[in-house]
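Structure first, then comments.
Residue numbers (the numbering used here): 29 to 250.
This is the structure:
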């Protein structure tokens, strides 16, 4: 699905998709994931990358860009935050608990209802839930580890250290991070950052908005 939605990137860019570890440690957090991504980029001998970080991936991307300015030339942050709020933390803890209790159906419902706008979810509910179905017990435990790992995330002090241009894109109906998350990132990051917020989409605006890939490409082409 990712390859299909972003296939136009391949016309101008070499594309690397960073996946999370299959067997993460129980205390896996964004610091651990950032170190893993830095190791991967070093192994690939990548410098000056145009980085897209979405949701939890945006949290990791902020830490990578702050720690290693040589690795990141431009940073697109979508549906993410500078800091996990109490509201978001409660959501992540609830998801983690459902995963740990192997309550797959409840987790699918809760996750989908939270990330998609009400209109989109109601229209495509059956397809969305079908796409999430099939997770094994191990998959749910792994998901729970990652969910707990972002509960204490806070990059507020790191954002001013990021040297590359940043475009933070959020959504007016984001039930997880809120409508102001993108503008908060830009405000903390300073002069090299700006924000854009889609008014009528949810947290999963990256799936909902037809022009989302084009917005990324336009930023990279500047």
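We put the CB at the ideal spot given by N, CA and C, even for glycine.
{"Query": "8 Å contact criterion, which residue 174 and residue 52 should meet: CB distance rounded", "Result": "7 Å"}
{"Query": "Alpha-carbon to alpha-carbon, residue 140 and residue 156", "Result": "7 Å"}
{"Query": "Range of the contiguous alpha helix (DSSP H) that encloses residue 222", "Result": "From DSSP, residue 222 is part of no alpha helix (DSSP H) but of the beta strand (DSSP E) over 221 to 230."}
{"Query": "Selection from 36, 57, 226 and 80 that minimises the alpha carbon distance to residue 177", "Result": "57"}
{"Query": "Residue 218 and residue 207 closer than 8 Å at C-beta", "Result": "no"}
{"Query": "Given residue 103 as reference, the closest of 220, 197, 193 and 66 once Cα atoms are compared", "Result": "193"}
{"Query": "Residue 255 classed as buried or exposed, judged by whether at least 16 other C-beta atoms fall within 10 angstroms", "Result": "Given that the chain is displayed from residue 29 to residue 250, the structure contains no residue 255 and the question cannot be resolved."}
{"Query": "For residue 177, the first and last residue of its enclosing alpha helix (DSSP H)", "Result": "165 to 177"}
{"Query": "Euclidean distance between Cα positions of residue 213 and residue 109", "Result": "7 Å"}
{"Query": "Anticipated Cβ contact below 8 Å, residue 144 with residue 230, distance rounded", "Result": "5 Å"}
{"Query": "Option in 234, 129 and 204 with minimal Cα separation from residue 167", "Result": "129"}
{"Query": "Cβ-Cβ distance between residue 82 and residue 142 below 8 Å", "Result": "no"}
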